[in-house]
Each structure stands twice: as C-alpha cells, then as structure tokens.
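**Student:** Once you've had a glance at the structure underneath, I'll fire off some questions.
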Amino acid sequence: MEIDATFKRINMTANKKEKLGWINGHWGIFKDLTVPINDRGLNFADGIFETILILNGVPQLLDEHLNRWEKSASILEMNSPPSKEWLISLVEDGINRAQLKNINGVIRLNWTRGESEQRGIDISKTSLHSFWLEIDSYQPNFESISTIISQTERRNSFSRLSSCKTFSYNQGIQARIEAKNLGFNDALLLNSQGEICCATTANILVKRENNWLTPPSNRGCLPGIMRQRGIELNIIKEALIEATPQDNDEWFLINSLSCRPIEKINKKELKISTNPKEFWLSLLKI
1 MEIDATFKRI NMTANKKEKL GWINGHWGIF KDLTVPINDR GLNFADGIFE
51 TILILNGVPQ LLDEHLNRWE KSASILEMNS PPSKEWLISL VEDGINRAQL
101 KNINGVIRLN WTRGESEQRG IDISKTSLHS FWLEIDSYQP NFESISTIIS
151 QTERRNSFSR LSSCKTFSYN QGIQARIEAK NLGFNDALLL NSQGEICCAT
201 TANILVKREN NWLTPPSNRG CLPGIMRQRG IELNIIKEAL IEATPQDNDE
251 WFLINSLSCR PIEKINKKEL KISTNPKEFW LSLLKI
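Numbering-wise, UniProt numbering puts 263 at position 263 of the sequence shown, and it's gapless, one number per residue.
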C-alpha cells in the first residue's frame, strides 16, 4: 500500500479547510465544538485516549487500539468506554465525512471521567463520563531524529499510569522542551531504575546483531500498539537496555503514526537505518 500520496485537507465549508470532530451526538469543525470547563479531563487530565492511523481510508489496528482503551479504563477504575460496534460505525462515518476514503489521516478517541460536581479531585459516583472524537489528515513520518537522555524526567515503573495512554503528557512535554533547548529533536527517558524506557511520545526499538529489542512493559513504558504488534509477530523481544548504545546498534522511535531512526543520542552518533518505512509497514502486514 502506497502511503506517500499528498494529503487532501478536510473542506467543511467553501474554500475553507477545517479539522473535524464529534461530541454529544454532533459533528462539526473544531472551533464550533466545546468541552465543559469543569470536565475532569480538562481540569485534572483525568482521561485516556487512543490515536489511530488511517491508511487509504482504512483505520489501522483499530481492534487493538480499542482493546487497550478498554483495558486502560479498567486499570484506572473508569467506566467502560463506548462499545466497539458503536465506535467502529462512528469511525467509518468520520472517515467518510472527512473525505479520507482514499488518503491518509488520524483519529483520536477521548474518554474522560466527565464533569466535576464539586471542587477537588474526589470522584462523584453519579458523574457521567465524556467521549469525543477528533479526525484530520496526516502523513506518517520516517525521518531520522536526534535525541538526548533527559536529565530531569524519569518514567515511574511502579505507577499504573505508565501502562495507560492518559491525557497527562506534562512529563513528555518537559523532556521535549529540555531537548529542544539543547538543539535536539526529542528526549529519551530513563525509568525509576535508570534503565532506558521510552521517548516522549514513542516506544524505543533497538536493532542489535539482527535482533529487535525493546524495554519490557513492566519497566515503565507504555505498551504501544506497534511495539506489541512486533512482539506478537515474534519480530521484537523485550530486554533491558542500557543507556549507552553499543557499536553498530540501530535505534528507533516507533508509534502508531511513525517510525523514526535515531541518528544521535547525546553526543554519540548512531548508525542510521535506511528502511524504517518498510519495517514499520511489515508490522501492519501491508
């Protein structure tokens, strides 16, 4: 499947291109849709989300994303998200409305604990959870990237939050700022034990002597969909990874939207892969 075609943009109004969303039974452009200002997702980042790639109009690994979404809700003691059957129908409707049938895009599904009925973080037993969807065109990214190892942020390998894709990305944002301030593209994060864990928005893969390695999921990294896909296909194996790359290592940042070779970690330059796109597509079996 060819994914390099130029994207069309959503045209919701004449000569105007807008991103599309759904909330409370209504489709509309982003600026016309609202979330209550007392929503716990807004006030406390008390929510989970999934980001799903659309290739040529087809949502990729949708079932896997929805399974993780449901598992995250259970881990965090949230109500179950909307049913798969209903979501699949809504996603298909969104793809049609956004005119993404023959091009590429991205969908984000959001699920929060809903509106707060009082001040403070205590959860009301009567509050209703909230769901909304965002959809836009998107082009997967396979460009190489420079990284640092963050000196200020570490992943908590003991927290249940580390295994869930929550709204709270402040740690990743701070690590990314740290990297940008030093002239790098992104940051790698160690875990509580000082082991390589993940990047700000991606899992880490290391190709070492023809073996594909990734940090174990119980060491603080998010169980990414593409990462898990590689494990299930017996392509990727979990292993503890030291912070200093070995000679001839190839390092990658991978998620559902990209697979980016790492060209540098701190001052150490790395061997750059010439086929991140092919490897990434092989995990999708395309």
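By construction, the Cβ of each residue, glycine as well, lies at the ideal position given by its N, Cα and C atoms.
Since we're looking at a predicted model, the values are computed, not measured.
1) Taking Thr-200 as the reference, give the member of Gly-183, Glu-178, Arg-208, Val-206 with the closest Cα.
2) Assuming Leu-189 and Ile-148 form a contact by the criterion Cβ under 8 Å, report the distance between their Cβ atoms to the nearest whole angstrom.
3) Taking Cβ positions, are Thr-214 and Glu-238 nearer each other than 8 Å?
4) So Ser-137 is in the beta strand (DSSP E); what residue range does that whole segment cover?
5) Can you name, in chain order, every residue of its own chain whose Cβ lies under 8 Å from the Cβ of Gln-193, other than the five neighbours on each side?
6) In this structure, what does DSSP give as the bridge partners for Ile-177?
7) Within its chain, find whatever has a CB closer than 6 Å to the CB of Gly-41; leave out the 5 residues flanking it on each side and keep chain order.
8) For the beta strand (DSSP E) that contains Lys-101, what are its first and last residues?
9) What number of angstroms, rounded off, separates the C-alpha of Trp-226 from the C-alpha of Leu-283?
10) Return the CA-CA distance between Phe-142 and Lys-125, expressed in angstroms with no decimal places.
11) Should Pro-30 go down as buried or exposed, given a rule of 16 or more other Cβ atoms within 10 Å for buried?
12) How is Phe-44 classed by DSSP in three states: helix, strand or coil?
13) Looking only at its chain, what residues have a beta carbon closer than 7 Å to the beta carbon of Glu-70, apart from the 5 residues adjacent to it on each side?
14) With three or more C-beta pairs closer than 8 Å as the rule, is the region 250 to 257 touching the region 201 to 212?
15) On the DSSP bridge list, what partners appear for Asp-186?
16) Going by DSSP, which residues form a beta bridge with Leu-281?
17) Can you check which of these residues, Thr-51, Phe-44, Leu-257, is closest to Gln-139 by C-alpha distance?
18) Measuring CB to CB, does Ile-95 end up less than 8 Å from Ile-54?
19) Would you report the Cα separation of Ile-75 and Ile-37, rounded to the nearest angstrom?
20) Is the distance from the Cβ of residue 287 to the Cβ of Lys-165 below 8 Å?
21) Strictly by DSSP, which residues pair up with His-26?
22) Quick check on Asp-39: does DSSP put it in helix, strand or coil?
23) For Val-91, which residues does DSSP report across the bridge?
24) Report the three-state DSSP secondary structure of Ile-235 (helix, strand or coil).
25) Rounded to the nearest angstrom, what separates Ala-187 and Glu-278 at their Cα positions?
26) Using beta-carbon positions only, say whether Arg-97 and Trp-27 come within less than 8 Å of one another.
**Tutor:** Concretely, from the data shown:
1) Position 200 of the sequence shown, counted from the start, is the residue given in the question as residue 200. Per the Cα distances, Glu-178.
2) Numbered from 1 along the sequence shown, position 189 holds the residue referred to as residue 189. Numbered from 1 along the sequence shown, position 148 holds the residue referred to as residue 148. Taking 8 Å as the upper bound for CB-CB distance, Leu-189 and Ile-148 are not in contact here, some 10 Å apart.
3) Indexing the sequence shown from 1 puts residue 214 at position 214. Indexing the sequence shown from 1 puts residue 238 at position 238. Yes, the Cβ-Cβ distance between Thr-214 and Glu-238 is below 8 Å.
4) Numbered from its first residue, the sequence shown carries residue 137 at position 137. In the DSSP assignment, Ser-137 falls within the unbroken beta strand (DSSP E) covering 130 to 137.
5) Taking the sequence shown and counting its residues from 1, the one referred to as residue 193 is at position 193. The residues are Ser-157, Arg-219.
6) Numbered from 1 along the sequence shown, position 177 holds the residue referred to as residue 177. Partner(s): none; Ile-177 has no beta bridge.
7) Translated into the one-based positions of the sequence shown, residue 41 becomes position 41. Only Gly-47, Thr-112, Phe-167 meet the Cβ criterion.
8) Indexing the sequence shown from 1 puts residue 101 at position 101. That residue, Lys-101, is in no beta strand (DSSP E); it is neither H nor E in DSSP.
9) Within the sequence shown, numbered from 1, the residue matching residue 226 stands at position 226. Within the sequence shown, numbered from 1, the residue matching residue 283 stands at position 283. According to the sequence provided, residue 226 is Met. The question's Trp does not apply to it. Met-226 and Leu-283: Cα-Cα distance of roughly 7 Å.
10) In the sequence shown, the residue the question calls residue 142 occupies position 142. In the sequence shown, the residue the question calls residue 125 occupies position 125. Going from the Cα of Phe-142 to the Cα of Lys-125 covers about 45 Å.
11) By one-based count along the sequence shown, residue 30 stands at place 30. For clarity, residue 30 is Phe in the given sequence; the question names Pro instead. Per the 10 Å Cβ criterion, exposed.
12) The residue given as residue 44 occupies position 44 in the sequence shown. Of the three classes helix, strand and coil, the one that applies to Phe-44 here is helix, per DSSP.
13) Locating residue 70 in the sequence shown gives position 70, counting from the first residue. Ser-80, Pro-81, listed in sequence order.
14) Yes, the region 201 to 212 is in contact with the region 250 to 257.
15) To locate residue 186, count along the sequence shown from 1; it is residue 186. Per DSSP, Thr-147.
16) Along the sequence shown, one-based indexing puts residue 281 at 281. According to DSSP, Leu-281 shares a beta bridge with no other residue.
17) Reading the sequence shown from its first residue, position 139 is the one you call residue 139. When each option's Cα is compared against that of Gln-139, the closest is Leu-257.
18) Position 95 of the sequence shown, counting from 1, holds the residue named residue 95. Position 54 of the sequence shown, counting from 1, holds the residue named residue 54. Their beta carbons are under 8 Å apart, which means Ile-95 touches Ile-54 by this criterion.
19) Position 75 of the sequence shown holds residue 75. Position 37 of the sequence shown holds residue 37. Approximately 26 Å, taken between the alpha carbons.
20) Since the first residue of the chain shown is 1 and the last is 286, residue 287 is not available in this structure.
21) Position 26 of the sequence shown holds residue 26. In the DSSP assignment, His-26 is bridged to Ile-23.
22) Position 39 of the sequence shown, counted from the start, is the residue given in the question as residue 39. It is a strand residue.
23) Here residue 91 refers to the residue found at position 91 when the sequence shown is read from its first residue. For Val-91, which the question treats as bridged, DSSP gives no partner whatsoever.
24) The residue you call residue 235 lines up with position 235 of the sequence shown. If DSSP states are grouped into helix, strand and coil, Ile-235 belongs with coil.
25) Translated into positions along the sequence shown, residue 187 becomes position 187. Translated into positions along the sequence shown, residue 278 becomes position 278. Distance between the alpha carbons of Ala-187 and Glu-278: 24 Å.
26) In the sequence shown, residue 97 corresponds to position 97, counting from 1. In the sequence shown, residue 27 corresponds to position 27, counting from 1. For Arg-97 and Trp-27, yes; Cβs fall inside 8 Å.
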